[in-house]
Each structure stands twice: as C-alpha cells, then as structure tokens.
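Just below is one structure, and these are the notes that go with it.
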Amino acid sequence: MTDQSAALTTAGKPVRGGNSLIEQVARRAKVSPFRQFADIFRLKGGKTLLTANEYYEYQVYDPALTPAQKREFVGERGSLALNLRLAPPSLTNMRNFLGDKVGLTSMMGALGLKTTCLQAAVAPTRGFGTLPTLRSPADVVRFLTTEARYPLFGKPVQGYGAFGSVLIRRLDGMIATLGNGQTISVSKLADEVVAHQTYGYMFQDAVTSHPAVATLTGSQALSTIRVVTVNHSDTPEILYTVWKLPAPTAMSDNFWQKGSLIALVEPTSGLVQKIRYGAGLDTQWVQTHPVTGAHLQGATLPCWQSVLDLALAAHATVPDNGILGWDIAITAQGAVLIECNENTGHGLYQLASGRGILNADFLPTFDKITARNTRILQAFASKRKAYQKAKAQF
C-alpha cells in the first residue's frame, strides 16, 4: 500500500530561471543574456507585472515577438490588476461568495443550473444548512466508510489550482484507492483533511467526462473547459475558451502537473485550435496527444453549445461582474458547472494561445467594461447623494 499524502501537493507552478536557463535561452532562442535582462526589467512594472519566472514560462523571450506584443503578456499580479479593473470590489460585493465552492454550487443548483452534487462538507464551526457537516477526523472516517457514494471527489471550499483535491475511486475496507491508482488509509486521509483545510473541505459526486472527451485525453480524471465571460452591456458574452487536459495519471486537470496539456478552443464552434504541452523551453505545440496518440487539433468538442449556454446563464446571475472564469465539464448528459473563478488567471489563455491577454482583439472589450463600470458606480453615487439629501430634509 502506498500510504502517502492524498493532497495534490504538486499542483504549484514550477520555478524557472537561473543561470542555466538564461544560457539555454541564449543558445537555443538566440536571445542574449543582456536582452533577456532588459526585457525582464521593462516588463516587471506597468500593466504587465511579469516576474522573471513568468517571462520564461510564457516564452516572452521569443525573438519573433515585437516589443508591443511582449507588453501584451501579464503575470499573476498583472492578471489580478486587470480583473480588479474589470470587476472592481466596490461594484462586485459577491466576490468572496463566488469563490466559496459550497455556496456557489448551492446557489447555482437552486437556480436550476446544472452543477455538481454535494455529499458533505468539513468545517470546525461553520454550518451548511441541511448538508451533512463533519467536524472531526472521526466524522470524516464515519462518512467515508458508511455514507459516501463512490467515486467521490474532495476539494477545499476555497482555493485554486486543484491544490488539496483528491479523487477517491473506491473503498476496500479501510483503504481508499485514489484516482491516480495510489492508496491511502481512510484514517490518514481524514486526519489530513481536517488538519490542513483551514477554510473547510467538501465532498461531492465525482463527475465523469463525456466518453469522446475521455478518449481524447486518455485520462480518468475530469477534464474541464475554462470559459471566461465578460459583461459590458446587459447581456454577458464569451471572451475566450481554454481546454484543460489532465495527464493520464493525474487526479485533476491542473496544467502544472507533469503530462497535462492545455488547448485553445474556438469559442463559437468548440473547435480545438492549438495544443500546448509543457511551458518555457520545454514547450511543444502538438497536434496529437503525446501519450495516447489521439488527434486533438481540429477536433470539435461535444455538447459545445451547452457549455456556452451554461457559462452565460451563470454569469447572468451576477451581472455586475465585468469578468468571470467558469470551469465547466462536458459529460454524457451535457455541460456541468464545476466552479467559478472570481479572479480568473489569464495565464491559461496566454499558455494556450501564445498571445498576451492585453492584445488588440481584447482591449476594446476591456475598455467597454471599464466604461460600463464607471456608469454604474456614478449612478450609485447619484442615488446615495439623493438619498442623503432627502434624509437631511426630515
């Protein structure tokens, strides 16, 4: 038995950089160390806010990129700054709620949108209404051994990057078999969940990918589409769509796990346009899956219209948000909403497309969103002023 940590501790981004990488870029991309340093210095500020690590992982050193194209890329901090501009906290007071996976799942389900089925939550003090709530390791053990339905997926109530998630295929006595084939004792899994998930943990029915999608990925792990929606008028619309392909041995579709792929999908048709394997100097732009051999480029993902409809319907429930990211699974029964990313990371788009998010195609949309936000905030201010004036007359 491989009784080890069940949490997905390898979900973080790899650290790139260092003298060896600088030398490799100089040799293979024909970009001198001086040029690399100059680029990194220029791009660490402004709207890009790129770190040296991000400069290399997005291949911004590529000599085929013009200076203007390099400035279109953003780092993690630049992505956050863009999101705060498009969905300012003063206007989007549901931001924290959207990042709460139990709350969001419950709300979307109550509104009739297809989402995941919750089985239980783990939290030291918080209540979840009629949802079974587990307070201790003993409660978790009891749930897993007597009440849970398998396959079962667990993840933190708050968080990103699939860190801390676990897919449990089945239980054999007191031993859990995970989605990656490893095993762990139920008691150790329960201890880990309670000890390390400070803001709560949740268990839900495991969602299974559409057979056509599973054939393409070669993985039993769930594959999702990141659908980024924007709103600059009265109706949300699609900005971009990215497909996350889990590695055949993974338990989730986090791109930073070895063997995972990421693909740019044409939003209106579901046609797979570009597929990336690896990042930085390890990048390979592929047409077929490197493990399964399945032909990916040019494939059309099934049930695509249901994916778009679900994302747009979900955004319409919180229309004041100028931009949101939705992780949506394609199943045999159609699209299923997995979670919302209130601060969606645009690095996924940059990896999948090879372009920066601040490109000429998207900037006009961003300007429209900003203008709409200004109008709404000005209207709020006028209403408050009128209220205060009326109140003063009494």
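Residue numbers for the sequence shown follow my numbering, so the first one is 1120 and each next one is one higher. Think of the CB as a built atom: it goes at the ideal place given N, C-alpha and C, for glycine as much as any other residue.
With 16 or more other CB atoms across the displayed protein chains lying within 10 angstroms of its CB, Asp1446 is buried.
A distance below 6 Å between beta-carbons, with the five flanking residues on each side excluded, links Lys1149 to no residue of its chain.
Nearest Cα to Ser1388 within the set Gln1424, Pro1182, Lys1189 and Gly1412: Gln1424. CA-to-CA, the gap between Leu1290 and Thr1252 works out to about 21 Å.
In this structure, the alpha-carbon of Ala1448 lies about 18 Å from that of Gly1218. Going by C-alpha positions, Asn1215 is about 27 Å away from Phe1192. Counting C-beta pairs closer than 8 Å gives three or more between the region 1369-1384 and the region 1468-1478, which meets the contact rule. For Asp1353 and Asn1299, the gap between their C-alpha atoms comes out near 44 Å. According to the DSSP secondary-structure assignment, Met1321 is paired through a beta bridge with Ala1240 and Lys1274.
About 6 Å separates the Cβ atoms of Val1241 and Val1313, confirming a contact at the 8 Å cut-off.
Cys1459 is bridged by DSSP to Trp1445. Taking C-beta atoms as the reference points, Thr1348 and Lys1363 fail to come closer than 7 Å.
Assigned with DSSP and collapsed to three states, Gly1453 falls in strand. Following the DSSP letters along the chain, one finds Ala1206 in no alpha helix (DSSP H), marked with neither H nor E. Gln1507 has its alpha-carbon roughly 49 Å from the corresponding atom of Ser1284.
Following the DSSP letters along the chain, one finds Thr1302 inside the beta strand (DSSP E) bounded by residues Thr1302 to Ser1304. Annotated as distal: Pro1365 and Ala1331, with beta-carbon spacing of 7 Å or more. Between the region 1407-1416 and the region 1428-1440, the count of C-beta pairs closer than 8 Å stays below three; the two stretches do not touch. For the pair Leu1456 and Ala1432, the CB atoms are not nearer than the 7 Å cut-off. For Ile1495, the enclosing alpha helix (DSSP H) stretches over residues Leu1482 to Ala1511. In the three-state reduction of the DSSP assignment, Asp1258 falls in the helix class, which pools H, G and I. Between Pro1152 and Ile1141, the CB-CB gap stays under 7 Å.
Distance from the Cα of Ala1479 is smallest, within the candidate group Lys1189, Thr1170, Arg1147 and Arg1161, for Lys1189.
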